[in-house]
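The structure appears right after this line, and notes come after that.
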């Protein structure tokens, strides 16, 4: 896939997009293996741990990654199919508050991630260059289908770094 151009996405997503080095599709593929491996290094008793009051738990962060990937893939689907309806934002805190994520087991989260990501990879790989370059309005911002692919990969990288630096800093994980 060709590199992303700055006019394909709003600056608010730069931090996610800048975590991608090289081919974004290779990054997405690698995450199918590396992210579950990372999750498996987290001790089960830390699943409901939060590093500060009012912050999400580890399980909530992991499920937020899933929710955001679903939303971004849905937006990519709409624009790839040339549906130019402006799409509303989603309230991530409400998604987390209503997701019952702390009731889940890590293996369930891992299984969902693998299936979701593999499905999205099949979809993304089916798109041609015209479909990838289509743009639409999401959260009142103009964005391309290709940008959503980068955002999905970069969003995961972003939250993995947060988990490592704020949640698991004193734990023995990879």
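In UniProt numbering, the protein residues as written are 1 to 174.
Just so it is clear, CB atoms sit at the ideal spot from N, CA and C, and this is done for glycine as well.
Only a predicted model underlies this, so the values are computations on that prediction, with no experimental measurement involved.
Reduced DSSP category for residue i - H, G, I as helix; E, B as strand; rest coil
i: residue 160; result: helix
i: residue 175; result: Outside the displayed span of the chain (1 to 174) sits residue 175, for which this structure offers no information.
i: residue 46; result: helix
i: residue 55; result: coil
i: residue 13; result: helix
i: residue 18; result: coil
i: residue 37; result: helix
i: residue 1; result: coil
i: residue 116; result: helix
i: residue 152; result: helix
i: residue 31; result: helix
i: residue 62; result: helix
i: residue 169; result: coil
i: residue 82; result: coil
i: residue 77; result: helix
i: residue 67; result: helix
i: residue 243; result: An answer regarding residue 243 cannot be provided, because it is not within the stretch 1 to 174 covered by the chain.
8 Å contact criterion, which residue i and residue j should meet: CB distance rounded
i: residue 147; j: residue 13; result: 7 Å
i: residue 157; j: residue 19; result: 4 Å
Those residues which DSSP pairs with residue i across a bridge
i: residue 143; result: 136
Contact check, residue i vs residue j, beta carbons under 8 Å
i: residue 43; j: residue 110; result: no
i: residue 163; j: residue 58; result: yes
i: residue 124; j: residue 151; result: no
i: residue 136; j: residue 16; result: no
i: residue 126; j: residue 8; result: no
i: residue 28; j: residue 121; result: yes
i: residue 95; j: residue 140; result: no
i: residue 60; j: residue 102; result: yes
i: residue 78; j: residue 85; result: yes
i: residue 104; j: residue 31; result: no
i: residue 80; j: residue 131; result: yes
i: residue 1; j: residue 21; result: no
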